[in-house]
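Visitor: One point on numbering: in numbering that gives the first Met the number 0, the residue at position 162 of the sequence shown is 161, and numbering is uninterrupted. For glycine and all other residues, C-beta sits at the position ideal for the given N, C-alpha and C.
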Amino acid sequence: MKIPDYYRQFQNQPDEKKEQDKKPELKQPSSGGVKEHPKTQPKQVDDKTRIFQGNGFTLDQLEDWEDKTIYTFMGPVTDGIQHNVVLNIDKDVPFDTLFDYADWQIKTLEQELKGCMLLKRGETKLNNGTEAYEAIFKWYPVNDFRIYQHQVFILIDKTAYKLTASFTKKTRQTLGPQVERMMLSFNPEKK
C-alpha cells in the first residue's frame, strides 16, 4: 500500500503516545511518607508567534504561518441553491491597480468555468466611497441549471478582497438587490 506524501513524515517515528503512557517512577521521600510524582515543569519554547484575533477567539500564530481564512456568510436556501457571500482576502498581490487585479480574476474565472458568459463588468464604489470593480457572469454548472455569479473586487495597497455571491435567475431578482447592498457595505480596515 502506498503511503500519501503528507503521512510519510510520521513514518518510522517513535510512538509518542506509548512514551507518554509510561508512568513516571514514583520517588520514595526520605522521610518514609506518601509517594509523590516528580514535579514536572512545562517545556519552555522560543517559538516566535503573534496573536491572531478570530471571530470569538485568539490563537498564538507561528510567525512564518499565514492566515488564509475564507469567510462565508450563509443566506437562505431558495430556488434550489444555498445562497451565500464568500469573502477572499489575498495579501501581497502582485498587482498595482484595481483594474489589473479584477481583470486577472475575471480572465481566470472565464478559463475555469467553461461555458460561462461575462454579462457585465465595470467600476463601482463601496458605500464608504472606496473604489471597487464588479463583474457578473452566467454559466451552467449542469444542463438546464443556470447560475449567475456577482463578484466585487477591492484593492487597498497590496491587499485584495473579492466578494462573491451566486444566484438563480429568479433569486437574482428577489435576493440580488439586498445581497448587492450587503456586498457594497464591505468596509476594509485601512492601515
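What's the C-alpha gap between serine 184 and glutamine 177?
Guide: Along the sequence shown, one-based indexing puts residue 184 at 185. Along the sequence shown, one-based indexing puts residue 177 at 178. Each residue's alpha carbon lies about 11 Å from the other.
Visitor: Assuming glutamate 65 and arginine 49 are in contact, meaning their beta carbons sit under 8 Å apart, how far apart are those beta carbons, in whole angstroms?
Guide: As a position in the sequence shown, residue 65 is number 66, starting the count at 1. As a position in the sequence shown, residue 49 is number 50, starting the count at 1. No, glutamate 65 and arginine 49 are not in contact; Cβ-Cβ is about 11 Å, not under 8 Å.
Visitor: Report the partner residues of histidine 149 according to the DSSP bridge assignment.
Guide: In the sequence shown, residue 149 corresponds to position 150, counting from 1. DSSP, once it has assigned bridges, lists Ile135 and Ala164 as partnering histidine 149.
Visitor: On the criterion of 16 or more Cβ atoms from any shown chain inside 10 Å, does tyrosine 70 qualify as buried, or is it exposed?
Guide: Your numbering for residue 70 matches position 71 in the sequence shown. With fewer than 16 Cβ atoms within 10 Å of its Cβ, tyrosine 70 is classed as exposed.
Visitor: Based on Cα-Cα distance, which residue from Pro187, Lys47, Asp45 and Asp46 lies nearest to asparagine 127?
Guide: As a first step, residue 127 is located in the sequence shown; it is residue number 128 there, counting from the start. Minimum Cα distance to asparagine 127 is reached at Pro187.
Visitor: Put glutamate 65 into one of helix, strand or coil per three-state DSSP.
Guide: For the purposes of this step, residue 65 is taken as residue 66 along the sequence shown, with counting starting at 1. Note: glutamate 65 maps to coil in three-state DSSP.
Visitor: For my contact list, threonine 123 and alanine 131 are in at a C-beta cut-off of 8 Å; report their separation, rounded to the angstrom.
Guide: Within the sequence shown, residue 123 is the residue found at index 124, counting from 1. Within the sequence shown, residue 131 is the residue found at index 132, counting from 1. Their Cβ separation, rounded to whole angstroms, is 5 Å, which keeps threonine 123 and alanine 131 in contact under 8 Å.
Visitor: To the nearest angstrom, report how far apart leucine 125 and lysine 168 are at their CA atoms.
Guide: Sequence index remark: in the sequence shown, residue 125 carries index 126 (1-based). Sequence index remark: in the sequence shown, residue 168 carries index 169 (1-based). Cα-Cα distance, rounded: 25 Å.
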